[in-house]
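Residue numbers (the working numbering): 6 to 160. Just so you know, even glycine gets a beta-carbon here, dropped at the ideal spot from N, CA and C. Every value quoted in this text rests on a predicted model; they were computed, and no experiment measured them.
So this is what it looks like as structure tokens:
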């Protein structure tokens, strides 16, 4: 797939995710009893949007050439990419709100751009790259759990 097509598809799904996240943030901060707790709203919104995002990335943006990869392996890789992108976005959000006193809604909106760029790069490098890189990442994650990686899971 041409990189320009992949980027265009990513923008379409990213826009849909942004709308999902904006709706969840608004509902939680304005309409529900979270009384403006922007961190809980942010975490919830991103987790909900990631279910949507995983399906589209798996089948349309970054289709996996190796059909032997298990769904659990794909979820692990996708969650790893999500963790990288979400951490960048969340730190940016907290910096804006707590450090620079930016409005919580504006900070959530600006965080979407940080997340979008980091998510594209992380998925491109982690989810869609070579099996050697994926094995190294999987082995690193298993080492954090104090368990040896297996070829069945990481191979």
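State yes or no: is the C-beta of residue i within less than 8 angstroms of the C-beta of residue j?
| i | j | result |
| --- | --- | --- |
| residue 95 | residue 62 | no |
| residue 34 | residue 46 | yes |
| residue 53 | residue 29 | yes |
| residue 51 | residue 26 | yes |
| residue 101 | residue 112 | yes |
| residue 97 | residue 122 | no |
Since I believe residue j is in contact with residue i (beta carbons under 8 angstroms), could you give me their beta-carbon distance rounded to a whole number of angstroms?
| i | j | result |
| --- | --- | --- |
| residue 124 | residue 90 | 4 angstroms |
| residue 131 | residue 86 | 4 angstroms |
| residue 59 | residue 128 | Not confirmed; about 10 angstroms, so no contact. |
| residue 109 | residue 43 | 4 angstroms |
First and last residue of the alpha helix (DSSP H) that includes residue i?
| i | result |
| --- | --- |
| residue 121 | 109–127 |
Every unbroken alpha helix (DSSP H) within the region 20–98, with a cutoff of 4 residues, ordered by chain: 43–61
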